[in-house]
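Undergrad:
Numbering (my numbering), first residue to last: 2 to 339.
(1) Start and end of the beta strand (DSSP E) containing residue 293?
(2) If you draw a straight line from the alpha carbon of residue 194 to that of residue 174, how long is it in whole angstroms?
(3) Contact between the region 253-266 and the region 222-230: three or more CB pairs below 8 Å?
(4) Extract the residue ranges of the beta strand (DSSP E) inside the region 193-270, only unbroken runs of 3 or more that lie entirely within it.
(5) For a quick check, are the C-beta atoms of residue 262 and residue 319 less than 8 Å apart?
(6) First and last residue of the beta strand (DSSP E) that includes residue 149?
(7) Just curious, the alpha helix (DSSP H) that residue 37 is in, first and last residue?
(8) Distance, Cα to Cα, residue 192 vs residue 249?
(9) Where residue 201 and residue 163 are concerned, what is the direct C-alpha to C-alpha distance, given to the nearest angstrom?
(10) Kindly indicate which residue of 172, 167, 178 has the alpha-carbon position closest to the one of residue 145.
(11) According to DSSP, which residues form a beta bridge with residue 304?
(12) Starting from residue 333, follow the alpha helix (DSSP H) in both directions and report where the run begins and ends.
(13) Here's the rule I'm using: 16 or more other beta-carbon atoms within 10 Å means buried, otherwise exposed. How should residue 204 be labelled?
(14) When we look at the beta-carbon of residue 307 and count the other beta-carbons within 10 Å, is it buried (16 or more) or exposed?
(15) Given a cut-off of 8 Å, decide if residue 325 and residue 217 are closer than it, judged by their beta-carbon atoms.
(16) Contact check, residue 264 vs residue 289 under 8 Å by CB: the rounded distance?
(17) For residue 168, does the three-state DSSP call read helix, strand or coil?
(18) With which residues is residue 309 paired in a DSSP beta bridge?
(19) Relative to the alpha-carbon of residue 189, which residue among 284, 14, 221 has its alpha-carbon at the smallest distance?
(20) Taking buried to mean at least 16 other C-beta atoms within 10 Å of its own C-beta, is residue 53 buried or exposed?
(21) Kindly indicate which residue of 65, 327, 147, 211 has the alpha-carbon position closest to the one of residue 302.
(22) Which of the three DSSP states is assigned to residue 67 in this structure?
(23) When DSSP labels each residue in this structure, what does residue 327 get in the three-state scheme?
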């Protein structure tokens, strides 16, 4: 259909149009091929440029033919006309000589005008297509960050019903999965790849202590936030750290609440899904940095852990954890007075 419509166009409109389209597409494809080192795209760009060169050659030949018509053809045509037509009267001959001949410079100028106008219009369209993506949003081509699950809510464990105003895993996920989380981590160009949340209970508590969690994973870092609704204060928690393997322990205050920074290694567990389904031994994983903050200003028990780690072992500055805490903690209700 497109080819049929192009054939209906006049020569001096159709050919400049094909030249404009071919040159814009050819140059654009070659640019992308060089940038992405794509040989297939480079071959396609060469095809467009060769096609454009052929059309340019055809237009040049047509222009030369219009400027310099064949002398032999003109002489033969004049002789045939003189023999076939009767001799006109002097007055008629004068009138005939006063009329413009078919091949006047005016029509040649019209052909040039059509060619220049077509090239200008489609050149402007090509420039818009070239520059447009740099100033227009990427739209659907941009990767969308992972979002928290919006499905049906699972039934909460009994520990959540016995805890006054506990936060759920989904609420933690919405508080953590912020649009500026990657920027807070120092990697603003990244987007979240996976997001998850659970309504767990704390281990070794026989399911009596609520411990919801949420986790957001990027290419560089993984962030985990959990809230533990036990009776352990932050001061008591710091004393327990002295008997553990936590490193770089540092006490501080975050949003007026007692807090502590500590480091510890994660656990690495390999599961073999082959015959027998056996797994390897639990190994020491990369180092993680954790900020633990009391769930209320008076430190009556319970705390929120914000942990960051990476598979490479690299860690962001402690200021990243503090910035995340300042954004997440206001979304977690303080424990009411008992």
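Ideal Cβ positions, reconstructed from N, Cα and C, are used throughout, including at glycine.
TA: Once the coordinates are examined:
(1) 284-295
(2) 14 Å
(3) no
(4) 195-202, 211-218, 223-229, 248-255, 258-269
(5) yes
(6) Premise fails: residue 149 is in no beta strand (DSSP E) and is neither H nor E.
(7) 12-37
(8) 30 Å
(9) 14 Å
(10) 178
(11) 229, 295
(12) Taken as a continuous stretch (DSSP letters only), residue 333 belongs to no alpha helix (DSSP H), as it is neither H nor E.
(13) exposed
(14) buried
(15) no
(16) 7 Å
(17) coil
(18) 224, 290
(19) 221
(20) buried
(21) 211
(22) helix
(23) helix
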